[in-house]
Each structure stands twice: as C-alpha cells, then as structure tokens.
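*Asks:* Just passing along the structure, written as structure tokens.
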C-alpha cells in the first residue's frame with residue numbers, strides 16, 4: 029500500500045512545524061498590531077461560490093479540487109481566502125466598516141507542484157474592506173513589510189503598480205485584446221527579451237506606438253510619470269500618495285520600486301497592486317502580493333464595497349528563513365526514574381513541576397542510566413532530574429545540567445526555586461520560552 | 029446564488045474565533061508542558077490509507093468526503109488524526125521512541141449535523157507512541173484532565189474501562205457476536221433500559237449468564253472486581269494501576285469512574301479506554317475520549333508498535349466555555365485624525381507606537397469627532413488619541429480614556445511612557461495582553 033502523502037502535499041513533523049509556528053506567530057503579532065482580527069472559514073464551499081465569475085479567472089477555476097455531497101451538490105476546496113471572505117461579507121451585511129480581517133490558513137490548487145508551490149499550501153493574509161483610501165493601501169504594504177521583516181526575511185523589494193494606471197496606458201497606446209496583453213506583461217521576466225517583445229507587437233495596431241511603449245516600460249519612474257502625466261495624472265498621484273504614506277508608516281525607500289510591468293494574475297484587482305521578491309531570488313516567485321479589489325465583494329453582496337488585501341506565501345517564506353530559526357526542544361527537563369518502583373515518585377514530581385508552570389517529561393522506556401542520559405542528549409534536553417536509590421531515600425533530587433555536565437543535589441523547594449530562577453517560562457502558542 | 033456555507037460547516041467570525049484561539053492556546057500549553065510536539069498532515073490522504081481495515085470501522089468509512097485526482101486516484105479528507113499519524117510513523121521508522129505528538133486540526137465526516145457535531149469539526153489531541161505502560165495511559169488521562177480544567181470546563185467525569193476487560197468478561201459470559209455486543213454496550217445510555225436489556229439477551233446462549241451479567245454491570249466497581257477477579261486479575265490490576273498513577277499525576281479521585289459499559293466506538297482500541305462527560309450534560313456526548321491502540325500503527329508500518337492517545341472535541345468544549353471567556357478587542361488605541369490633512373501625522377504616530385510594541389489603529393472613514401468616538405465605543409476601544417488643529421500645531425497628543433471619559437494632553441514621549449506604564453503588551457498568538 030502507498031504510504032506517501034498525495035502528490036503536492038506533505039507532512040510537517042515537529043521540528044519543521046515548530047519553525048512554521050514561530051513564523052506564523054510573528055505574522056500574527058504584526059497583523060494584531062495593525063488591528064486585524066482573525067477569521068476562519070470552512071475548507072470547502074459550494075462550487076458555485078468558488079467559480080463566481082470575475083474572481084480567480086477561468087484558468088484557475090479548473091484547478092479546484094471538487095466533489096459532490098450526498099445530495100448531489102458540488103463542493104470545492106478553497107483555493108484562496110479572498111473568495112470565502114467576500115462570501116462572509118455578503119452573509120453579514122451589518123458588520124461595522126472597515127472590516128479588518130486576517131487569516132493563516134491552508135488552501136488547495138490542482139497545479140503542478142514546483143519548488144515553493146505545493147498543492148496544499150499555506151497563506152497568511154489580511155483584507156481591509158469598506159474604505160477606498162491611499163492610506164489603506166499603504167497600510168497593507170507597511171504591514172506586509174513589517175511581517176516579512178519580523179518573519180526573518182532580510183532582503184526584499186516591493187514592485188508596485190496600479191491596474192488603473194495600466195488601463196490608462198493601454199488605452200493611450202491603443203492596445204487590442206487587453207486581458208491577453210496583461211497576461212503577457214506578467215510574463216516579462218519569464219520569457220526572453222526577444223520573445224517577449226515579439227509577442228508584444230501583436231497587441232499594437234500602430235507599430236510606432238509599440239516602440240514608444242517599449243521605451244516607456246524601460247524608463248525610470250520619473251521619466252515614465254513625466255511622459256504619461258498628461259493622460260494619467262490621477263492614477264500617478266494616487267500611486268505616489270500610497271508610496272508617500274508607506275514611507276510615513278516606516279517602509280524604507282529602497283524597498284519600494286514602481287514598475288508598470290507588474291499586473292498580478294488574478295482578475296479581480298482594480299487599483300493598487302504589488303508583488304514582493306527576495307533580492308537575487310526573483311526566480312522563486314512572489315513572496316507576498318496583493319492589491320485593491322473594489323468590485324469582488326459586490327459580486328457576492330450585490331452592493332459595491334471597496335477592498336484591499338494581501339497574502340504571504342508561507343511555504344516560500346519558510347524556504348528562505350527556516351535555517352535561521354533555532355528549534356529548541358519543547359521541554360527542558362527530563363525526569364529519570366532509575367527503577368520501575370521509582371516511577372510513582374517521578375509522576376508525583378512531574379505533577380508538582382507542571383503545577384508550578386515548569387514543562388517536563390518522564391523517561392521510562394530505557395533501562396540503564398547511560399541510555400537514559402544519551403536519549404536526553406539526542407533530544408537536546410537541558411536538565412535531567414535523576415531519581416535513584418539515594419535520592420528516593422533522602423528525598424533529594426539530583427539536577428544534572430546536560431550542557432555543563434554538572435550535577436546538583438536539591439531539596440524539592442530548592443529545585444523549584446533553582447529552575448524558576450534560571451529559566452523563565454512564559455507560555456505562548458508554540459510553548460516558547462521568553463527570557 | 030447560495031451564499032451559505034455547505035451543510036454542517038460554519039464560518040468563525042473574529043469574536044468567536046478569538047475565543048476558540050484562547051481555548052486552543054490553553055490546550056497547547058498543557059500539551060507542551062507534558063512534552064508533546066506539534067504535527068500537521070495534509071487535509072486529504074490517498075483513500076486506501078483512510079480505508080485501511082481495522083481503523084475507523086466500516087460504518088464510518090462511508091462518511092469520508094472523497095474525490096479523484098487528475099490521475100484518477102481516489103483521495104479522501106481526513107476523518108481523524110490518528111490514521112494519518114499512523115501513516116507518518118510508517119513513513120518514518122527511525123523516529124526516536126516514545127513519539128509524543130499533538131495536533132489541533134480540523135477534520136471532516138459526512139454525518140448528519142447535530143448539536144456540537146458538525147461535518148467540519150475540530151479536535152485537539154495527543155498520541156503517545158512506542159511504549160506500553162500504565163504510566164503512559166495515566167499521563168494521557170492526566171493531560172486531558174489538565175487541558176479541560178485549563179480550557180475552562182469545570183464539572184466533568186472520566187468514565188474509564190479497558191477493552192481487554194470487556195474481552196475477558198465477554199468470554200466468561202459466553203457472548204456470541206462480540207462486535208455487535210460491543211456496539212450495544214455503547215448504546216446503554218441511548219436506549220431505554222427495557223429496550224437495551226431486551227437487545228442484550230440476544231447475545232447470551234445461557235439466559236442465566238445474562239442475568240449474572242446484568243447484575244454485574246449494575247454493580248459498584250468494588251463488587252465488580254471481586255466477582256471477576258478470578259478470571260480477569262491482570263486486566264483489573266492494569267486498570268487500577270492507571271487509576272493510581274492518574275491520582276499521582278494530580279487527577280482528583282471524584283473525576284474517575286470505572287464503568288465496564290464504556291466501549292468506545294472505534295474498532296482500533298485494544299486496552300485502556302475512556303470517555304469524558306460534562307456532569308449533567310451527558311446528552312451532549314463525550315467531550316474528550318481516547319485509549320490504547322496497540323495494533324493500528326502495525327497495520328501501516330508492518331511492525332507492531334504500542335500506542336495510546338486522546339482527542340478533545342473543540343466544538344463541544346466551546347459550547348460549554350464560550351460564555352465565560354471575555355473577548356477583548358485586538359487593539360486598545362484608536363488614532364483619530366480630525367481632518368484629512370492630519371492623516372499623515374496619524375500614520376507617523378501609528379508607526380512610532382507599533383515600533384514601541386503598542387498595537388493601534390487609525391480611524392479615517394468617519395467625518396465628525398462624535399461619529400469617530402461612537403465608533404471607538406462600539407469597538408470597545410479603551411483609548412482614543414485625538415489629532416486636531418491644536419494638537420498638530422502644538423505637537424501634543426490628546427489621550428482620551430474612553431472608560432473613564434477623561435482626556436490628557438501629552439508630549440509624544442509622555443504618551444508612550446503613559447501607555448507603557450498602564451498597559452503591558454506581551455505578544456501571544458492571539459494578541460492577548462498579559463498582566
């Protein structure tokens with residue numbers, strides 16, 4: 029029988045899982061700091077909800093994992109969280125605006141698995157729903173900046189643009205077949221320069237305009253704005269205001285790159301958009317991306333509600349930061365009863381320590397003290413408490429510091445005081461120890 | 029278009045989600061304290077893995093949500109975590125024993141939704157794999173006890189039994205069709221007494237033995253052990269040792285009820301088993317249950333490996349404890365720029381506060397200060413920082429304590445010091461404030 033996980037999925041064993049939880053926790057802290065609240069939706073939706081026109085786009089709809097319920101209705105696993113959230117908003121029209129929600133969830137797409145892109149993958153994201161303002165777009169960017177920094181990603185850049193700007197430019201340059209044109213723009217770094225240019229020409233009625241467009245796209249931002257200011261004033265000013273607020277929010281200038289070739293794949297974006305790349309590892313794809321989608325919620329709710337959001341690809345982030353996260357053991361203290369008859373004492377001691385807030389564990393599988401200590405070492409345990417003949421008789425506890433290879437005899441009270449003095453346990457979701 | 033979640037599933041909006049996270053976090057703290065480490069497996073498995081004979085049992089296999097992948101292979105959503113974990117162990121034969129793993133995960137069963145039982149439901153559970161010892165069974169019980177207590181469940185009882193004991197008793201009483209007999213035992217509290225007794229008779233060749241069995245099952249534990257000691261000495265002693273260790277682990281005596289009519293539904297249990305009921309709300313079903321399953325891992329790995337575990341039903345727990353958990357807002361501080369031109373100052377202030385570890389948010393959707401303050405009140409915000417004409421001119425910040433309805437003018441440094449002195453922010457996964 030096949031014992032593997034299905035193609036494109038994987039198990040997260042504790043060492044890896046703990047690192048993931050540390051990174052997810054840091055993301056959450058940032059989201060919370062900006063006032064975003066957590067939401068969770070079911071793993072599957074009615075298929076018609078997921079397939080709603082204008083959302084993911086036709087190409088991606090075919091990547092939905094779908095199945096029928098017992099009543100014959102079609103269900104599908106969620107492929108992102110923006111769509112279920114749009115459905116939730118439609119279901120709850122009386123929610124106070126702005127709605128500031130975050131999620132850290134798994135989702136599923138039937139794509140061909142590749143590096144950093146699994147069929148079951150995880151995203152940490154936020155949505156800000158109800159207000160259209162440059163400040164909100166900048167907040168999303170600043171929050172992403174903080175999250176990536178806190179998550180341990182050092183060198184990255186935001187490539188930012190605006191769908192409205194692309195619209196305006198395309199109209200000016202008399203582009204035909206606009207959706208296909210956008211798809212090609214998106215492939216600028218994936219195709220060779222010659223190939224890309226060749227394909228680009230097809231969209232221009234006037235070859236001279238194509239030359240002008242090529243010159244434009246290869247220009248610096250200042251030159252671009254100068255040459256399109258006459259017909260795209262509003263759009264340029266919006267984008268520059270987003271950049272301005274982002275700096276006020278604390279995003280360093282060098283992280284911000286305006287780039288009119290950035291389009292984002294998803295059809296539902298309407299305004300400000302961005303993608304994030306690790307410097308020198310652009311081939312890994314976008315680490316985090318998002319933008320404004322002022323029409324999507326309306327598709328579900330019937331009322332137009334502006335919205336903006338972003339999602340961080342956790343699997344890709346883990347590829348970058350995993351090595352730099354130390355994965356300490358979950359417990360620092362292992363109690364070693366040297367005889368079966370001492371197990372009762374070990375249990376009682378464990379109960380007292382845990383009651384005091386001290387995590388610990390009991391070793392009972394190995395016979396000799398040598399094997400017990402070597403087991404403790406392979407777990408990376410810091411302290412062993414040895415319960416032998418003498419210790420039981422004298423009611424003492426031998427605390428062995430495995431790092432220093434030193435052993436101290438303690439009374440119960442002294443033992444607890446010593447541990448509390450030397451180790452401070454503050455519980456977090458990942459059982460991590462602070463200071 | 030249908031905007032509902034699929035039958036038997038639901039959305040968790042922030043207020044509810046936060047409470048769930050608090051409870052889950054408390055469970056995790058307890059699991060970590062006992063040395064259990066987190067594991068995560070994919071949402072779906074190859075169907076043959078889930079359907080493996082001897083696992084969930086035939087009746088439940090039909091409740092799997094299943095679908096085909098593009099290559100035509102059948103996949104199924106996980107219905108519990110014990111089965112995927114057994115598969116992981118088979119995949120990783122060199123893991124150090126004992127393996128102590130926990131999970132807090134969603135799973136899916138195609139059952140008819142009922143109170144406290146959804147089609148997408150959540151469990152928090154642990155598995156201890158590699159050692160057969162009464163101490164381990166007791167540890168599982170003690171950990172469940174601690175988790176329920178910390179999770180806020182006040183009055184509950186463990187009904188404990190042993191599959192080996194039921195085996196022995198059934199043999200002694202010459203039971204025919206043992207699996208069906210177990211199923212009927214399980215229904216003791218679901219059928220009327222008359223109905224149950226009537227059905228019970230069918231399993232006895234000798235009617236006198238049925239009378240004896242009925243007398244036995246209605247006896248106190250002391251009488252039971254006395255009458256079956258001659259043929260079930262080993263099994264009684266094992267169970268009593270589990271009880272003994274449990275008390276050493278700190279489980280109060282009154283929570284422990286031996287009950288030979290407890291069988292647990294799942295086929296894979298082989299030894300110690302338990303179910304947990306809230307006192308006076310037994311009709312809600314079991315809050316947490318588990319037991320020893322020494323043969324399941326072997327089905328997957330080919331090598332017999334003893335194991336024991338338990339799972340807590342999070343949805344049922346939430347029904348009980350939800351009301352008693354206070355759901356504070358995610359941020360305490362709302363910055364109110366009174367004019368659009370003050371938004372830049374608001375952004376800069378928010379950036380400084382967040383840099384100092386202080387969560388805050390900016391209100392920009394409402395025009396009048398009255399509306400802004402009333403919005404803050406409906407969110408339950410503790411402090412508002414007002415940025416008006418005077419404040420901008422004099423570089424002061426008016427901190428309004430919404431609870432006391434008092435307003436203080438501060439310099440930036442004084443503002444930060446005041447907040448830090450009065451509110452201490454320590455970040456946890458749920459953005460909760462300690463102390």
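Residue numbers (the working numbering), protein chains in the order written: chain A, 29 to 463; chain B, 29 to 463. From the three backbone atoms N, C-alpha and C, an ideal C-beta is built for every residue, glycine too.
What is the DSSP secondary structure of residue 71 of chain B, counted as helix, strand or coil?
*Replies:* Reduced to three states, the DSSP call for residue 71 of chain B is coil.
*Asks:* Express the C-alpha separation of residue 242 of chain A and residue 211 of chain A in angstroms, rounding to a whole number.
*Replies:* Their backbone Cα atoms lie some 16 Å apart in a straight line.
*Asks:* Taking the alpha-carbon positions, what's the residue 414 of chain B to residue 315 of chain B distance?
*Replies:* Going from the Cα of residue 414 of chain B to the Cα of residue 315 of chain B covers about 48 Å.
*Asks:* Do residue 132 of chain A and residue 184 of chain A have their C-beta atoms within less than 9 Å of each other?
*Replies:* Not a contact, by the Cβ cut-off of 9 Å.
*Asks:* Could you please give me the residues that DSSP links to residue 338 of chain B through a beta bridge?
*Replies:* Per DSSP, B/154 and B/318.
*Asks:* Would you kindly check if the distance between the Cβ of residue 453 of chain A and the Cβ of residue 65 of chain B is under 9 Å?
*Replies:* It is not a contact, given that the beta carbons lie outside the stated cut-off.
*Asks:* If I measure Cβ to Cβ from residue 149 of chain A and keep anything under 6 Å in the same chain, skipping five residues before and after, which residues do I get?
*Replies:* Closer than 6 Å at Cβ, skipping near neighbours: 343.
*Asks:* Alpha carbons only, please: which of A/423, A/437, A/395 and A/393 is nearest the one belonging to residue 411 of chain A?
*Replies:* Cα-wise, what sits closest to residue 411 of chain A is A/437.
*Asks:* Within 10 angstroms of the Cβ of residue 266 of chain A, are there 16 or more other Cβ atoms? Answer buried if so, exposed if not.
*Replies:* Counting Cβ neighbours within 10 Å, residue 266 of chain A comes out buried, since at least 16 surround it.
*Asks:* Could I get the ranges of all uninterrupted alpha helix (DSSP H) runs contained in the region 237 to 282 of chain A, with 4 residues as the minimum, in chain order?
*Replies:* Counting only runs of 4 or more, we get 249 to 276.
*Asks:* Starting from the beta carbon of residue 95 of chain A, find every residue of chain B whose beta carbon is closer than 8 Å, and list them in chain order.
*Replies:* Ordered by position in chain B, the residues that pass the 8 Å Cβ test against residue 95 of chain A are 93, 94 and 95.
*Asks:* Does residue 126 of chain B pass the burial test, meaning 16 or more other C-beta atoms within 10 Å, or should it be called exposed?
*Replies:* With 16 or more other Cβ atoms within 10 Å, it is buried.
*Asks:* Cβ of residue 354 of chain A less than 9 Å from any chain B Cβ?
*Replies:* With 9 Å as the cut-off, residue 354 of chain A does not count as an interface residue toward chain B.
*Asks:* How would you label residue 259 of chain A, buried or exposed, when you count the other beta carbons within 10 angstroms and need 16 or more for buried?
*Replies:* Counting Cβ neighbours within 10 Å, residue 259 of chain A comes out exposed, since fewer than 16 surround it.
*Asks:* Check the Cβ-Cβ distances between residue 437 of chain A and every residue of chain B, and say whether any is below 9 Å.
*Replies:* False, the Cβ-Cβ gap to chain B never drops below 9 Å.
*Asks:* Counting only beta-carbon separations shorter than 9 Å, does residue 77 of chain B have a partner in chain A?
*Replies:* Chain A contact via Cβ: present.
*Asks:* Let me know the beta strand (DSSP E) ranges lying completely inside the region 107 to 165 of chain B, each 3 residues or longer, listed in chain order.
*Replies:* For the region 107 to 165 of chain B, whole beta strand (DSSP E) runs of length 3 or above, ordered along the chain, are 127 to 136 and 148 to 157.
*Asks:* Give me the Cα-Cα distance between residue 325 of chain B and residue 156 of chain B, rounded to the nearest whole angstrom.
*Replies:* Spanning the two alpha carbons is a distance of roughly 12 Å.
*Asks:* Please classify residue 457 of chain B as buried or exposed, where buried requires at least 16 neighbouring CB atoms within 10 angstroms.
*Replies:* Per-residue confidence for residue 457 of chain B stands at a pLDDT of 43, beneath the threshold of 50, marking its modelled position as unreliable; no derived number is given.
*Asks:* If you drop the 5 nearest sequence neighbours on each side, which residues of the same chain put their C-beta closer than 8 Å to that of residue 202 of chain B?
*Replies:* Cβ within range, chain order: 232, 233, 234 and 237.
*Asks:* By the three-class DSSP mapping on this structure, what secondary structure does residue 373 of chain B have?
*Replies:* Reduced to three states, the DSSP call for residue 373 of chain B is helix.
*Asks:* Rounded to whole angstroms, what's the CA-CA distance from residue 100 of chain B to residue 94 of chain A? Just pull it up for me.
*Replies:* So the two alpha carbons sit approximately 13 Å from each other.
*Asks:* So, does the CB of residue 31 of chain A fall closer than 9 Å to a CB anywhere in chain B?
*Replies:* Answer yes: the Cβ-Cβ gap between residue 31 of chain A and chain B drops below 9 Å somewhere.
*Asks:* Among the candidates A/63, A/281, A/45 and A/251, whose CA atom is the shortest distance from the CA of residue 70 of chain B?
*Replies:* Measuring from the Cα of residue 70 of chain B, the nearest candidate turns out to be A/45.
*Asks:* Could you check whether residue 390 of chain B and residue 167 of chain A sit closer than 9 Å to each other, using their CB atoms as the reference points?
*Replies:* Yes, they are a contact pair.
*Asks:* Do you know offhand how far residue 51 of chain B's Cα is from residue 179 of chain B's?
*Replies:* Each residue's alpha carbon lies about 5 Å from the other.
*Asks:* Please work out which residues of its chain come closer than 8 Å, Cβ to Cβ, to residue 194 of chain A, disregarding the five sequence neighbours upstream and downstream, and give them in chain order.
*Replies:* Taken in chain order, the residues that qualify are 210, 213, 288 and 291.
*Asks:* Between the region 329 to 363 of chain A and chain B, which residues of the former have CB atoms less than 7 Å from a CB of the latter, in chain order?
*Replies:* So the list reads 358 and 359, given in the order they occur along the chain.
*Asks:* Got a sec: which bits of the region 186 to 198 of chain B sit with their beta carbon under 8 Å from any beta carbon on chain A, in order along the chain?
*Replies:* Listed by position, the residues of the region 186 to 198 of chain B near chain A (Cβ gap below 8 Å) amount to none.
*Asks:* Spell out whether any CB of chain B is found under 9 Å from the CB atom of residue 449 of chain A.
*Replies:* Residue 449 of chain A does not count as touching chain B.
*Asks:* Return the CA-CA distance between residue 434 of chain B and residue 420 of chain B, expressed in angstroms with no decimal places.
*Replies:* Distance between the alpha carbons of residue 434 of chain B and residue 420 of chain B: 20 Å.
*Asks:* From residue 282 of chain A to residue 376 of chain A, what distance separates their C-alpha atoms?
*Replies:* Residue 282 of chain A and residue 376 of chain A: Cα-Cα distance of roughly 58 Å.
*Asks:* Could you name the residues of chain A that residue 326 of chain B contacts, counting a contact when the two beta carbons are closer than 9 Å?
*Replies:* By Cβ distance, chain A contributes nothing, its closest Cβ being about 13 Å from residue 326 of chain B, past 9 Å.
*Asks:* Could you work out which residue in B/299, B/386 and B/303 is closest to residue 284 of chain B when comparing CA atoms only?
*Replies:* Here the closest residue by C-alpha is B/303.
*Asks:* Taking the straight line between their C-alpha atoms, what separation do you get for residue 430 of chain A and residue 170 of chain B?
*Replies:* Each residue's Cα considered, the two are about 28 Å apart.
*Asks:* Would residue 459 of chain A be called buried (16 or more neighbouring beta carbons within 10 Å of its own) or exposed?
*Replies:* With a pLDDT of 49 at residue 459 of chain A, under the threshold of 50, the modelled position of that residue is not reliable, and no figure is offered here.
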